[in-house]
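Student: Chains as they are written, first to last, in the numbering used here: chain L, 25 to 137; chain P, 356 to 470.
Even glycine gets a Cβ: it sits at the ideal position worked out from N, Cα and C.
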Amino acid sequence: DTAVSQTPKYLVTQMGNDKSIKCEQNLGHDTMYWYKQDSKKFLKIMFSYNNKELIINETVPNRFSPKSPDKAHLNLHINSLELGDSAVYFCASSQRGQISPLHFGNGTRLTVT
Amino acid sequence: AQKITQTQPGMFVQEKEAVTLDCTYDTSDPSYGLFWYKQPSSGEMIFLIYQGSYDQQNATEGRYSLNFQKARKSANLVISASQLGDSAMYFCAMRGNFGNEKLTFGTGTRLTIIP
Numbered sequence: 025d026t027a028v029s030q031t032p033k034y035l036v037t038q039m040g041n042d043k044s045i046k047c048e049q050n051l052g053h054d055t056m057y058w059y060k061q062d063s064k065k066f067l068k069i070m071f072s073y074n075n076k077e078l079i080i081n082e083t084v085p086n087r088f089s090p091k092s093p094d095k096a097h098l099n100l101h102i103n104s105l106e107l108g109d110s111a112v113y114f115c116a117s118s119q120r121g122q123i124s125p126l127h128f129g130n131g132t133r134l135t136v137t
Numbered sequence: 356a357q358k359i360t361q362t363q364p365g366m367f368v369q370e371k372e373a374v375t376l377d378c379t380y381d382t383s384d385p386s387y388g389l390f391w392y393k394q395p396s397s398g399e400m401i402f403l404i405y406q407g408s409y410d411q412q413n414a415t416e417g418r419y420s421l422n423f424q425k426a427r428k429s430a431n432l433v434i435s436a437s438q439l440g441d442s443a444m445y446f447c448a449m450r451g452n453f454g455n456e457k458l459t460f461g462t463g464t465r466l467t468i469i470p
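(1) When you compare the CB of P/Glu416 with every CB in chain L, is at least one pair closer than 9 angstroms?
(2) With DSSP run on the structure shown, which of helix, strand or coil describes L/Asp42?
(3) Could you pull the DSSP bridge partners for L/Ile167 from this structure?
(4) With a 10 Å radius around its C-beta and 16 neighbouring C-beta atoms as the bar for buried, classify L/Gly52 as buried or exposed.
(5) So for L/Gly108, helix, strand or coil by DSSP?
(6) Under 8 angstroms: do the region 406-417 of chain P and the region 379-398 of chain P share three or more Cβ pairs, one atom per stretch?
(7) List the whole-angstrom C-beta distance separating P/Glu456 from L/Thr55, where the pair is believed to meet the contact cut-off of C-beta under 8 angstroms.
(8) Taking 9 angstroms as the threshold (beta carbon to beta carbon), is P/Gly440 in contact with chain L?
(9) Should L/Asn50 be labelled buried (16 or more other beta-carbon atoms within 10 Å of its own) or exposed?
(10) Take the Cβ of L/Gln38 as the centre, count every other Cβ of all protein chains shown within 10 Å, and call the residue buried at 16 or more, exposed below.
(11) In this structure, how does DSSP classify P/Leu466 when only helix, strand and coil are distinguished?
(12) State the Cα-Cα distance for the pair L/Asn86 and L/Asn74, rounded to the nearest angstrom.
(13) Please report whether the beta-carbon of L/Lys60 lies at a distance below 9 angstroms from any beta-carbon of chain P.
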């Protein structure tokens, strides 16, 4: 039973295209996150949703738009992809109000050519 | 603001030896949690161990233990009897409670176990 699943695992696309990454969790958590891991392995938060409400929105280009149809799903849509968007994107979930670990998906490696 | 510092970019350790990965942190939150994650070459993020700021005892999980020194703001990970499968990137991270729930990561330490 996969706890946090994201698709696709790999995404190769050309500059200027629009792409989406989907994430789903079956842990019953109410908070979901998107993290970006750059080529130096640094992990930085992008967004967080709690019960479909945006609660964290770091400095991210507005080409990135998260969408949460319900508390178990958080998708990431990226418009007009640029070379610098190439990275690994991780979805994660946790329960709000608890200082507990985040559970991560396996990541989506995005390559923009 | 929360900050995590990992000063060891890479470490090489002989198999079966113990290894300590350093982590220092800074926060103004009265209540927070400290975490260690492992990222093997396959890329997934694996949660290893958690220490709450008010926990009196250091956390342990199998071969992993967290050496928590609150006054020094350090949360070092100790791996006993290292194995080849321990070769990976290790990230220290922290998060607070309401209003500061994001998990803030350090830059990581790449651990290589030598047979």
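Tutor: A quick look at the data gives this:
(1) no
(2) coil
(3) Residue 167 of chain L falls outside the range modelled here, since chain L spans only 25 to 137, and no answer is possible.
(4) exposed
(5) helix
(6) yes
(7) 7 angstroms
(8) no
(9) exposed
(10) exposed
(11) strand
(12) 20 angstroms
(13) no
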